[in-house]
Structures are given as structure tokens and as C-alpha cells.
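Since the structure comes first, as C-alpha cells, the remarks are kept for the end.
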Amino acid sequence: AAGVIQSPRHLIKEKRETATLKCYPIPRHDTVYWYQQGPGQDPQFLISFYEKMQSDKGSIPDRFSAQQFSDYHSELNMSSLELGDSALYFCASTKGGGRPSTDTQYFGPGTRLTVL
Amino acid sequence: DAKTTQPNSMESNEEEPVHLPCNHSTISGTDYIHWYRQLPSQGPEYVIHGLTSNVNNRMASLAIAEDRKSSTLILHRATLRDAAVYYCILSHGNQGGKLIFGQGTELSVKP
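Chains as they are written, first to last, in the numbering used here: chain A, 2 to 117; chain B, 162 to 272.
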């Protein structure tokens, strides 16, 4: 079965540069979540989209922005990168906006961002 | 958000059952109990979820206390591939589906 695809899998950037992470949800999934996992930490929710609209927002820095496109893929744009942005970034998808009674989130393999 | 409490780590022997506890004393009536796990160097993976009744699937069983203030994830026969961090997460109807990961339980499985 098709899974969530994230690209790139690894990314190395310098401080103050920009980065764009991409997420391709499972076919027919209309809801995308972004999570950040720092070294030795638990995943933290950043932002989510349902039917191309932002549905929820967590601890996402103002330097970060994201959107969901008409084909439901999503991009996380990160500017003025800082050393502390080095982390694993996971994307997850589900169908229907995230109903806890029925919706499971399927996670991608993650993008490892290293900021030097 | 209602909070969950799990032991930092647990050990198990291969092919033995494992019971992973989770306390959620402030759970509300509309909170579902979800379990995800994260294998080393991978994204989190759904395991099981429930509301009030015990649940079984091919991966595990979920036993929910009658007062819903605690639950237990049961792996019937642990394998080496079950070594992971297990997260117990509460989600409710108006939360929009986001997962709030707390400190999970790191399960190690000995051959």
C-alpha cells in the first residue's frame, strides 16, 4: 500500500538559509499534520491542514509557514534557519479532518534537517 | 489538554507478554485513548485506540479501566521488532486530530 512520502529525506543548511520540506499524503487523504522532533525529544505538533485550509496550529515559529495544495500535498517553508531548528520533521496524513473516533494518522519517514 | 503518565522504560523477554500502563486521571468523557509507537529512526506508527470498551487488533490489545482513568496496552508475544517508544495519547472531538506526544515508554526486548 502507498505510504506518506517526504522529501528530501536529509537536508543540510547553513544558519539564516531557507528550507522547504515536502509531504505527499496517502492517496485520497485530505488532512496533513506536521511534527517536529528534536534530538532526544518527543514529536511536537506544528500545524495541520484539512481540505487545503489550515485547521490547527501548534508551537510553530513565525519563521515557518506551510500550505496544502490542490493535490493535497503540503510544504513546510522554513526561513532564517537557526541551529535549534535541527530536528526530524514528520508529516502525517489522514482522511476526514482528524476525527479521533475513527481517524488514524499515518506518518512518513521524516526529513532530517541539520543546520550548521 | 488531559495529560497521560507512563513509565520511562520497561524491559521484556522475547515471546513473553508485555503490559504497558498509562494513567490518565483527568480524562474527559469524549477523549479517545490512542497508542502509537516509534521504532528507532522511523516515524510514529499507529497501534490501537479505544473509548470505553477493550479493543483487540492484530498488533495488540487495549484494556481500559472501568473509570477510564488508566489503560494498558498489551503485546501478547513480544518480539525484537517490538522494541520501540510507546506513546499513550488522548484526543477528543474538538481537537482536530493533532497528537500531543508526552513522554512515552521505551520498551526493550531481550532475546
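Every residue gets a Cβ at the ideal spot worked out from N, C-alpha and C, and that includes glycine.
The model shown is predicted, which means the values in this text are computed figures rather than measured ones.
Residues near residue i in its chain [Cβ-Cβ closer than 6 Å; skip 5 each side]
i              : result
residue 180(B) : 233 and 235
residue 262(B) : 248
residue 99(A)  : 32
residue 182(B) : 233
residue 86(A)  : 116
residue 51(A)  : 32 and 98
residue 198(B) : 206, 208, 245 and 247
residue 49(A)  : 34, 56 and 57
Three-way DSSP call (helix, strand, coil) for residue i in this model
i              : result
residue 308(B) : Given a span of 162 to 272 for chain B in the structure shown, any question on residue 308(B) remains unanswerable.
residue 212(B) : coil
residue 82(A)  : coil
residue 186(B) : coil
residue 198(B) : strand
residue 90(A)  : strand
residue 276(B) : An answer regarding residue 276(B) cannot be provided, because it is not within the stretch 162 to 272 covered by chain B.
residue 6(A)   : strand
residue 262(B) : coil
residue 1(A)   : In the structure as shown, chain A starts at 2 and stops at 117, and residue 1(A) therefore has no counterpart that could be examined.
residue 271(B) : strand
residue 71(A)  : coil
residue 171(B) : strand
residue 14(A)  : strand
residue 166(B) : strand
residue 218(B) : coil
residue 117(A) : coil
residue 224(B) : strand
Close-in-space but distant-in-sequence residues of the same chain around residue i (CB under 8 Å, 5 per side omitted)
i              : result
residue 170(B) : 266, 267, 268 and 269
residue 185(B) : 163, 164, 165, 166, 192, 194, 229, 230, 231, 232, 249 and 251
residue 71(A)  : 53
residue 10(A)  : 110, 111, 112 and 113
residue 240(B) : 175, 176 and 270
residue 190(B) : none
Nonlocal neighbours in the same chain, by C-beta distance under 7 Å from residue i, ignoring five residues either side
i              : result
residue 213(B) : 225 and 229
residue 111(A) : 7, 89, 90 and 91
Anticipated Cβ contact below 8 Å, residue i with residue j, distance rounded
i              : j              : result
residue 42(A)  : residue 60(A)  : With a Cβ gap of about 12 Å, residue 42(A) and residue 60(A) do not count as contacting.
residue 14(A)  : residue 83(A)  : Not really, about 10 Å apart at Cβ, beyond 8 Å.
residue 271(B) : residue 172(B) : 7 Å
residue 223(B) : residue 209(B) : 5 Å
Proximity test, Cβ basis, 8 Å: residue i and chain C
i             : result
residue 50(A) : Structure shown: chain C not included; protein chains present are A and B.
* Uninterrupted beta strand (DSSP E) stretches inside the stretch 19-65 of chain A (no shorter than 3 residues) -> 20-25, 32-38, 45-51 and 54-58
* Asked: Three or more beta-carbon pairs under 8 Å between the stretch 74-92 of chain A and the stretch 19-31 of chain A, yes or no?
  -> With a cut-off of 8 Å, the stretch 19-31 of chain A and the stretch 74-92 of chain A count as touching, because enough Cβ pairs lie within range.
* **Segment contact, 8 Å Cβ cut-off, at least three pairs: the stretch 30-44 of chain A with the stretch 86-93 of chain A** => yes
* Using 8 Å as the Cβ pair cut-off and three pairs as the minimum, do the stretch 4-11 of chain A and the stretch 49-68 of chain A touch? -> no
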